[in-house]
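Every position in the sequence shown, counted from 1, becomes a number in my numbering once 12 is added. We put the CB at the ideal spot given by N, CA and C, even for glycine. Everything on this sheet refers to the single structure shown next.
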Amino acid sequence: MNSPLISISNVTKSFERVGFLGRSAGVRAVDDISLDVEQGETLGIVGESGSGKSTLLRMVLRLVRPTSGTVHLKGQDIWNARGRELQAIRRQMQAVFQDPASSFNPRQSIGAILKAPLEVHDVGTGSSRTGIVEETLERVGLPAAMASRYPHQLSGGQRQRVAIARAIILKPALVLADEPTSALDVSVQAQILKLFQQTKSDLGLTSIFVSHNLAVIRQVSDKVAVMKQGRLVEYGPVEQVFARPVSDYTRTLIAAVPDPFAARKRQTTPGDTMS
Numbered sequence: 013m014n015s016p017l018i019s020i021s022n023v024t025k026s027f028e029r030v031g032f033l034g035r036s037a038g039v040r041a042v043d044d045i046s047l048d049v050e051q052g053e054t055l056g057i058v059g060e061s062g063s064g065k066s067t068l069l070r071m072v073l074r075l076v077r078p079t080s081g082t083v084h085l086k087g088q089d090i091w092n093a094r095g096r097e098l099q100a101i102r103r104q105m106q107a108v109f110q111d112p113a114s115s116f117n118p119r120q121s122i123g124a125i126l127k128a129p130l131e132v133h134d135v136g137t138g139s140s141r142t143g144i145v146e147e148t149l150e151r152v153g154l155p156a157a158m159a160s161r162y163p164h165q166l167s168g169g170q171r172q173r174v175a176i177a178r179a180i181i182l183k184p185a186l187v188l189a190d191e192p193t194s195a196l197d198v199s200v201q202a203q204i205l206k207l208f209q210q211t212k213s214d215l216g217l218t219s220i221f222v223s224h225n226l227a228v229i230r231q232v233s234d235k236v237a238v239m240k241q242g243r244l245v246e247y248g249p250v251e252q253v254f255a256r257p258v259s260d261y262t263r264t265l266i267a268a269v270p271d272p273f274a275a276r277k278r279q280t281t282p283g284d285t286m287s
């Protein structure tokens with residue numbers, strides 16, 4: 013059996029805060045989480061605000077150091093990697109965040125923003141990089157001419173498409189998405205989710221998708237991990253978890269998801285009405 017692409021083992025993250033009378037009190041944002049993600053799989057992580065899901069994602073991205081535990085990418089401990097090993101790991105893991113504008117340099121054109129990862133990792137040459145940028149823009153449903161525009165000239169949905177383009181331009185092994193659609197209108201959200209799924213399929217990507225929205229998680233994920241107050245309360249194939257949840261917390265979350273067919277069920281046909 014092949015080893016998982018990403019393996020999260022007994023990861024804990026504690027933060028210190030000032031308690032009553034100035035005493036320091038530790039808060040466990042993530043408490044002893046272990047998860048594996050197989051090649052080509054999408055793991056959805058869901059939970060309420062403050063459940064620790066984004067902190068967990070940031071530990072996988074090497075943005076937040078775990079208090080204890082390990083994260084391995086292709087069998088390599090990402091927190092012990094240095095130099096070229098670390099650079100190779102960074103190339104293999106790319107992220108899409110909730111607000112792409114905050115991670116874009118407003119003074120850079122879209123073309124320059126997309127070329128930056130290619131330059132950092134020494135991919136291609138000056139002329140070939142332009143072609144890679146144009147090809148990647150078209151892959152995410154944007155015209156090549158968009159490369160000359162600036163972030164403030166784009167809509168929210170277009171900026172998120174650019175963020176996805178930046179995440180996939182290096183053809184990484186793993187894409188991590190943190191609430192990438194929560195700031196978008198419902199119609200645009202649906203387009204971005206469809207793009208995310210299509211891109212994953214076309215490129216054979218493995219992904220971790222964080223959201224508070226169970227309907228979104230169900231749409232994009234193969235497996236789902238449910239978090240509450242830093243702990244893992246449920247984990248399994250997405251349809252199994254939705255059909256037969258074990259945790260009371262998961263059942264409560266599922267019950268709160270609006271039924272998209274409810275309005276249709278309430279409608280009556282002409283034959284059902286009384287004269």
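| query | result |
| --- | --- |
| Backbone secondary structure at I90 - three-state DSSP | coil |
| 8 Å CB neighbourhood of D214 in its chain, flanking five on each side removed | R151 |
| N- and C-terminal bounds of the beta strand (DSSP E) containing S219 | T218 to S223 |
| Proximity of S233 and V245 at Cβ, strictly below 7 Å | no |
| F109 - DSSP class collapsed to helix/strand/coil | coil |
| Spatial neighbours of M80 in its chain, beta-carbon cut-off 8 Å, leaving aside the 5 residues before and after | Contrary to the premise, residue 80 reads as Ser rather than Met in this sequence. Cβ neighbours of S80 beyond the five flanking positions: N22, V23 and T24. |
| G138 classed as buried or exposed, judged by whether at least 16 other C-beta atoms fall within 10 angstroms | exposed |
| Environment of S63 [buried if 16+ CB atoms lie within 10 Å] | buried |
| Neighbourhood of D48 by C-beta distance below 6 Å, restricted to the same chain and skipping five residues each side | P16 and S19 |
| A41 versus G248, Q110, R243 and K127, residue with shortest Cα-Cα distance | R243 |
| Residue from Y162, A100 and M105 whose Cα sits closest to the Cα of G123 | Y162 |
| Extent of the continuous alpha helix (DSSP H) to which T54 belongs | Premise fails: T54 lies in the beta strand (DSSP E), T54 to V58, not in any alpha helix (DSSP H). |
| Burial state of R96, where buried means 16 or more other Cβ atoms lie within 10 Å | exposed |
| Given S140 as reference, the closest of S199, I181 and G248 once Cα atoms are compared | I181 |
| Beta carbon of G56 nearer than 7 Å to that of V269 | no |
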